[in-house]
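**Student:**
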Amino acid sequence: MNAKRVDKIATGVLYAIAALVVIILVALLGYILVQGVPEISWHFLTSPALSFEAGGGIGIQLFNSFYLLFLALLISLPISLGAGIYLNEYAGQNTITGLIRTTIEILSSLPSVVVGLFGYLFFVVQFKLGFSILSGAFALTVFNLPILTRSIEEALANISDNQREAGYALGLSRWETVTKIVVPAALPSIITGVVLSAGRIFGEAAALIYTAGQSAPALNFSDWNPFNISSPLSPLRPAETLAVHIWKINSEGIMPDAKAVSAGASAVLIIAVLLFNFLARWLGKRLYKHLTAE
Amino acid sequence: MDKIRASLLKKSIATKIERRGKILSLSCLALIILVVFLIFYFVASRGLATFFQNHINLWHFLSGIQWNPGTIGTNGQPAVGALPMIVGSFLITIFSAIVATPFAIGTAVFMTEISPRRGAQILRPVTELLVGIPSVVYGFIGLQVVVPFVRNTFGGSGYGILSGTFVLFVMILPTVTSMSADALNAVPRYYREASLALGATRWQTIYKVVLRAAIPGMLTAIVFGMARAFGEALAVQMVIGNATLLPHNLVSPASTLTSILTMGIGNTVMGSLQNNALWSLAMILLLMSLLFNLIIRYIGRKGKLNHER
Amino acid sequence: MADNKTMTTDQRNIMTFDPQAHEIALSTEDLHVFYGNSEAISEGDLQFERYKITALIGPSGSGKSTYLRSLNRMNDRIATVKGKIMYRGLDINSNDIDVYEMRRHIGMVFQRPNPFAKSIYENIAFALRQRGMNKKADLDEIVERSLRQAAMWDQVKDDLNKSALALSGGQQQRLCIARAIAIKPDILLLDEPASALDPVSTSQIEDTLLELKQNYTIIIVTHNMQQASRISDYTAFFNLGKALEYAETGDIFTNPKVDLTNDYISGNFG
Ligand SMILES: Nc1ncnc2c1ncn2[C@@H]1O[C@H](COP(=O)(O)OP(=O)(O)O)[C@@H](O)[C@H]1O
Ligand SMILES: [Mg+2]
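Here it is, written out as structure tokens:
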């Protein structure tokens, strides 16, 4: 066979493979949206779930997902920012820094179920927080820290050294320079990183089933005192999230309309993740524009 | 007389701020490192108890095929045999990687070499988006689509290694594809130009030059995908059947380390053998994750050496 | 030609000042600067007179930037600096010196304009505020004065809240000068501040520097010899990490004592 024919055949095969992959991926997205979107209604999004009868919603789970996301970001962002700053601005190029980077990489590659199990041992059992919002938020923090640290470090590294020198030459300390000049200049990419990590947190389930728990007790949405156990803000109540809910109703098989609810909930999850993605891009671009010219 | 001179000899506010900031940021970093050590310590202390407190023989644990901790198996040994789960985990990991690799690499080649425009406009965004799809969604679709399909086509219950493989294949496909595409994009332009200028066809150039140069990067992508597959819990747990038996074939219910862990941890009493044995499974997961990490680093280092040469 | 060059490379002619007649703002003694193991400055001892402009010239790679950046310890984490840098009777390299305070008195402007990604106003006010100056009126006044001194007030006075990154290169560089003088340094170091600019902006910056000379000691690196002869009082010629000749600018350009200097200013190399 001559080279030209082989080239033609190979090109054809590559086209076929790429087409097949596109079909699989688009079918996947299409399936979720086609099955799920018709299930979505105001009632579905706001009413509590029902166990043994059909017609329940995902209201509490949806709220829990957002609340946990918010808390996890609230805890992990400052820590990651500090760690990212240290790694990029202070740490020297030596073996110890190398080891630290490796350690963070190991954390980021741990299966999320292991993070969840650790959260169970440490926060739920050891610190007696029980299955609760707090345990879940801490587990998600552990899950999020390495990724966010990495992306913040990268964002800082992309800011040119001449910005730092400008600060030093004015007699500013390195800390002032990085926090007041470099971080603001890196804000577009930091925000992109945060929003992307938010998408991951939002869909995470394995880290949560043994930390935030698998039950969603009724909430009293008129009581916003965090110290009351039925308040939506209470940090010590168990809090099944949307992703955990999908897993649970499919594993238990007692909810009569589990399929419909899962489809609707999956569509909501996917749409949320899509929105996070677009938001990340859009915010990043806008902020960048805002910084460079007004 | 000289105020400036005096001020040079005093600690300035900036110096104090610097001190505080440095300590603060170092503490953040130390906290993360501490968390990693805590994870290893806690999981290992539980996982090792099986062997040191409950005196289960490590070899029996790794090679035993009966899993019912707390009881005695038919061979007169405690039924703490993790082999079925270990085999299950490895099988779905290897199978899904084998299926995903040609698709991922083919698509990556298409994206970067054949039709970069379509690649950038359609394939890139779609794959990057799919990387972010939550794994329970994959599990749910597996349950709704893959399991019935397998049942109708191959018989059996539909739950098993084959369904797990399908689900994981689709799940790691976007990751492996986009990482492979990165690896191909990193091959310098002039490699291709030189080869084409020598009269090679496009496919010869891709096959003999571009793919070879990108091997380390693509290997990393595949191992990365395998690590993800090995550690995935819920999507697999939903379609594999969760029977702690050595799989006889690809369509009989089986189990993985992660699936048994997710099922069991909540149903056992802390400190009991039943519970400790599960933590031993978690420890295997942890060690495997370390191993994948080491492999990726090894490939990375070798790749760099090759490039420098 | 190459042959007699090798014979004259040891030639040096370095002027020193009579401390009675000239006030010395800054001087280096036995300065050596290393990047790792390679020595970038091996002989470079100069004295800088107060309220004068001193130009550092020489071929690229001769160590001018390295020398200049040592003078306010900008090279702290990059290079190893040995020897003394004397400022107000103190060696700024010694451990007793507060480096951040020192840099407030020995300011620097860089080759590439590097305004912060902030508004024009903030670029200047930021460092002041950081040191506790919070009164709006005070800040306004300093911003205006600095911009006037940098000869750009009239152009930007209506756009103070616009991003500094939207300014042209020449304006950005003058903003950087304004920013540097806003904190009232004693000495101003400039590393080829006009090398990236068009002739008009360059001449505006030169005018600005001549203006500033009344209140500042200025040390400027330039590879533009016309620039050096136009604005500086003294000129030092660097080659291969050594200061080879240091004299009054008029002398060095009309009557260089060192052959290499002669070659350089007559355009034979560099
Ligand atoms: N950051 C650095 N690391 C290593 N070597 C450097 C660095 N900066 C400059 N050098 C070297 O030091 C010498 C002097 O450079 P420089 O001071 O930049 O010269 P000039 O400003 O006169 O062009 C050159 O040989 C250059 O390669
Ligand atoms: Mg230079």
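Protein chains in written order, with our numbering: chain G, 1 to 294; chain F, 1 to 309; chain E, 1 to 270.
Just so you know, even glycine gets a beta-carbon here, dropped at the ideal spot from N, CA and C.
With a threshold of 7 Å between beta-carbons, can E/F34 be considered close to chain G, or not?
**Tutor:** No - not a single Cβ of chain G is within 7 Å of the one on E/F34.
**Student:** Starting from F/W203, find everything on chain G with Cβ-Cβ shorter than 9 Å and list it in chain order.
**Tutor:** Under the 9 Å cutoff, chain G gives A3, V6, D7, K8, I9, A10, T11 and L14.
**Student:** Look at the alpha carbon of E/A150 and the alpha carbon of F/F40, and state the distance between them as a whole number of angstroms.
**Tutor:** So the two alpha carbons sit approximately 60 Å from each other.
**Student:** Considering just the uninterrupted stretch of the alpha helix (DSSP H) at E/H105, what are its terminal residues?
**Tutor:** Looking at the DSSP string, the run of the alpha helix (DSSP H) that includes E/H105 is V99 to H105.
**Student:** Taking 7 Å as the CB-CB limit, is E/Q173 close to chain G?
**Tutor:** Chain G, which has no Cβ nearer than 7 Å to the Cβ of E/Q173, makes this no.
**Student:** So if DSSP puts E/H32 in a beta bridge, which residue, or which two residues, is it bridged to?
**Tutor:** In DSSP, E/H32 forms a bridge with E/K82.
**Student:** Can you tell me whether DSSP reads E/K257 as helix, strand or coil?
**Tutor:** It is coil, neither helix nor strand.
**Student:** Please list, in chain order, the chain E residues whose beta carbon lies closer than 8 Å to that of F/I4.
**Tutor:** The answer, in chain order, is R88, H105 and D186.
**Student:** Let me know the secondary structure DSSP gives E/L190 once reduced to three states.
**Tutor:** Three-state DSSP puts E/L190 in a strand.
**Student:** Compare the Cα-Cα distances from F/T15 to each of E/H32, E/M102, E/K84 and E/R69 and report the closest residue.
**Tutor:** That would be E/M102, whose Cα lies nearest to the Cα of F/T15.
**Student:** Any idea what DSSP makes of G/G284, helix, strand or coil?
**Tutor:** In the structure shown, G/G284 sits in a helix (DSSP, three-state: H, G or I).
**Student:** Residues near ligand 1, CB to any non-hydrogen atom under 6 Å, in chain order?
**Tutor:** Any residue whose Cβ sits closer than 6 Å to a heavy atom of ligand 1 makes the list: E/Y35, E/A40, E/G58, E/S60, E/G61, E/S62, E/G63, E/K64, E/S65, E/T66 and E/I78.
**Student:** Run the CB neighbour count on G/Y210, radius 10 Å, all protein chains shown included, and call it buried at 16 or more, exposed below.
**Tutor:** So G/Y210 ends up on the buried side.
**Student:** Taking the DSSP output, what are the residues bridged to E/I219?
**Tutor:** Paired residues: E/T54 and E/L189.
**Student:** Rounded to the nearest angstrom, what separates G/N64 and G/E165 at their Cα positions?
**Tutor:** Between G/N64 and G/E165, the C-alpha separation is close to 45 Å.
**Student:** Leaving out five residues before and five after F/V99 in sequence, what residues of the same chain have Cβ atoms less than 7 Å from its Cβ?
**Tutor:** The residues are T165 and F169.
**Student:** At which residue ranges does the segment 76–129 of chain F contain complete beta strand (DSSP E) runs of 3 or more residues, listed in the order of the chain?
**Tutor:** DSSP runs (the beta strand (DSSP E)) wholly in the segment 76–129 of chain F: 78–80.
**Student:** According to DSSP, is E/F110 part of a helix, a strand, or is it coil?
**Tutor:** Here E/F110 sits in coil by DSSP.
**Student:** For the putative contact between G/T141 and G/A280, defined by C-beta atoms under 8 Å, what is the C-beta separation to the nearest angstrom?
**Tutor:** Going by Cβ atoms, the distance from G/T141 to G/A280 rounds to 20 Å, so no, they are not a contact pair.
**Student:** Helix, strand or coil for F/N276 per DSSP?
**Tutor:** F/N276 falls in the helix class under three-state DSSP.
**Student:** Along the chain, where does the alpha helix (DSSP H) that runs through F/G225 open and close?
**Tutor:** That run of the alpha helix (DSSP H) goes I215 to G231.
**Student:** Inspect the beta-carbon positions of E/I41 and E/G241 and report whether they are closer than 7 Å.
**Tutor:** Contact: yes.
**Student:** Output the distance between the C-alpha atoms of F/L291 and F/N68, rounded to the nearest integer angstrom.
**Tutor:** In a straight line, the C-alpha of F/L291 is about 28 Å away from that of F/N68.
**Student:** Leaving aside the five residues before and after E/A194 along the sequence, list all residues of the same chain whose C-beta is less than 8 Å from its C-beta, in chain order.
**Tutor:** Once the five neighbours on either side are set aside, the close Cβ partners of E/A194 are Q173, S201, T202, I205, E206, T222, N224 and Q227.
**Student:** Reducing DSSP to helix, strand and coil, say where G/I104 ends up.
**Tutor:** Helix at G/I104.
**Student:** Mind checking the segment 137–167 of chain F against chain G and listing, in chain order, the residues whose C-beta falls within less than 9 Å of any C-beta there?
**Tutor:** Flagged, chain order: V137, Y138, G139, F140, I141, L143, Q144 and V145.
**Student:** Whose C-beta lies closer than 7 Å to the C-beta of G/G199 among residues of the same chain, with five residues either side of it excluded?
**Tutor:** Cβ neighbours of G/G199 beyond the five flanking positions: V273, F276 and N277.
**Student:** Checking contacts by CB at 7 Å: is E/Q130 closer than that to chain G?
**Tutor:** Yes, E/Q130 counts as interfacial toward chain G.
**Student:** Give me, in chain order, the residues of the same chain whose beta-carbon lies closer than 6 Å to that of F/E113; leave out the 5 immediate sequence neighbours on both sides.
**Tutor:** Same-chain partners within the cutoff: I206.
**Student:** Buried or exposed: which applies to E/K5, given that a residue is buried once 16 or more other Cβ atoms fall within 10 Å of its Cβ?
**Tutor:** Residue placement at E/K5 is poorly supported in this model, since its pLDDT is 39, which falls under 50; the coordinates are not used for a value here.
**Student:** Below 7 Å between beta carbons: does that hold for F/I299 and F/L219?
**Tutor:** Yes. Within cutoff.
**Student:** Closest by CA to G/S112, which one among G/A205, G/H290 and G/L68?
**Tutor:** Nearest C-alpha to G/S112: G/A205.
**Student:** Can you name the start and end residues of the alpha helix (DSSP H) that G/W247 belongs to?
**Tutor:** L242 to E252 is the extent of the alpha helix (DSSP H) around G/W247.
**Student:** Taking DSSP as the reference, what is the three-state secondary structure of E/F48?
**Tutor:** Reduced to three states, the DSSP call for E/F48 is strand.
**Student:** Can you find at least 3 beta carbon pairs, one from the segment 245–263 of chain G and one from the segment 176–187 of chain G, that sit closer than 8 Å?
**Tutor:** No, they do not touch.
**Student:** Please go through the same chain and pick out, in chain order, the residues whose beta-carbon is closer than 7 Å to the beta-carbon of F/I72, but skip the five residues on each side of it.
**Tutor:** P78 and A79, listed in sequence order.
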